[in-house]
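**Student:** If you count the sequence shown from 1, you need to add 7 to reach our numbering.
Virtual Cβ for every residue (Gly too), placed ideally from N, Cα, C.
First the structure, then my questions, so here it is.
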Amino acid sequence: MQLRNVTADDVDAYIRMRCDPVMMADLGGPLPRELQPDKARRDAVEAAADICWIKMIIPDPGTPAVVAGSVTIWSHDANEGPVSEIGWMVLPQFQGRGLGKLAARTLLEQARDEDRWGVVHAFPATGNAASNGICRSLGFRLIGEQNVTFADRVLRSNHWVIDPRTDLKPA
Ligand SMILES: CC(C)(COP(=O)(O)OP(=O)(O)OC[C@H]1O[C@@H](n2cnc3c(N)ncnc32)[C@H](O)[C@@H]1OP(=O)(O)O)[C@@H](O)C(=O)NCCC(=O)NCCS
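And the structure:
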């Protein structure tokens, strides 16, 4: 598996991830298809500028055109100041093979090695077994439940935190 920065050419993967009702079931439902080319372009600019880490998951480096999903760390302002957050998506045909967990681990190892992002938060929907499984098995601590706004929708989520410098469980 490899991670690489998103580019504007990843719009097809964006549509398959973000406009699919099943993929988006725990994220408030599918997003409009017509917005995805601009979203991929903006994300590519932010990734290239190293403002966010927005990585596409390439399961087999021998076939780099095949994208399995994405993993992202970004910073946003909350009431108490800036918060680093991680999120992940794996397309249905690649799910259940450990790719989501490996991609999240790889990005958190990079955060640890570069001493970037500080404490990292994750807010998977309370009923999302696989996402909560990723958090639990990588060494995140469960803080509690809270409502989270994603793409203008309010979702009931678990609040997990990890300090990659001290908490990341060995593979
Ligand atoms: C959530 C998602 C990223 C998981 O990716 P994945 O590659 O299928 O997950 P993995 O195979 O790495 O499994 C991660 C952990 O969850 C467990 N798991 C996987 N699928 C599961 C399921 N359906 N039910 C219960 N546990 C599950 C695995 O056993 C593993 O835990 P372990 O290490 O203790 O064995 C993927 O299902 C997805 O993108 N779903 C749709 C979008 C989404 O929900 N994104 C996250 C929003 S918070």
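1. Only counting the same chain, and skipping five residues up and downstream in sequence, which positions put a Cβ closer than 6 Å to that of V78?
2. Would the beta-carbon of P131 fall within 8 Å of that of N154?
3. Would you kindly check if the distance between the Cβ of A56 and the Cβ of V13 is under 8 Å?
4. Which one of D19, M31, G125, Q9 has the shortest CA to CA distance from W81?
5. Can you confirm whether L34, when its beta carbon is compared against all beta carbons of chain D, has any partner nearer than 8 Å?
6. Considering just the uninterrupted stretch of the alpha helix (DSSP H) at G140, what are its terminal residues?
7. Cβ of S144 versus every heavy atom of ligand 2: is any distance shorter than 7 Å?
8. Quick one, which of R49, R160, V127, D33 has its alpha-carbon nearest H83's?
9. Taking the DSSP output, what are the residues bridged to V78?
10. From R148 to L34, what does the alpha carbon distance come to, in whole angstroms?
11. Looking at ligand 1, does it come within less than 7 Å of V155, judged from the CB to the closest heavy atom?
12. From R23 to V74, what does the alpha carbon distance come to, in whole angstroms?
13. Whose CA, out of G107, Q43, R40, lies closest to the CA of I93?
14. Pull up the distance between the alpha-carbon of P28 and that of L10, whole angstroms please.
15. Exposed or buried, G76, counting other C-beta atoms within 10 Å across all chains shown (16 or more means buried)?
**Tutor:** In brief:
1. K62, W95, A110, A111, L114
2. no
3. no
4. G125
5. The chain inventory of the structure shown lacks chain D, comprising one protein chain alone.
6. 136-145
7. For ligand 2, the structure offers nothing, since it holds only ligand 1.
8. V127
9. K62, W95
10. 21 Å
11. no
12. 11 Å
13. G107
14. 25 Å
15. buried
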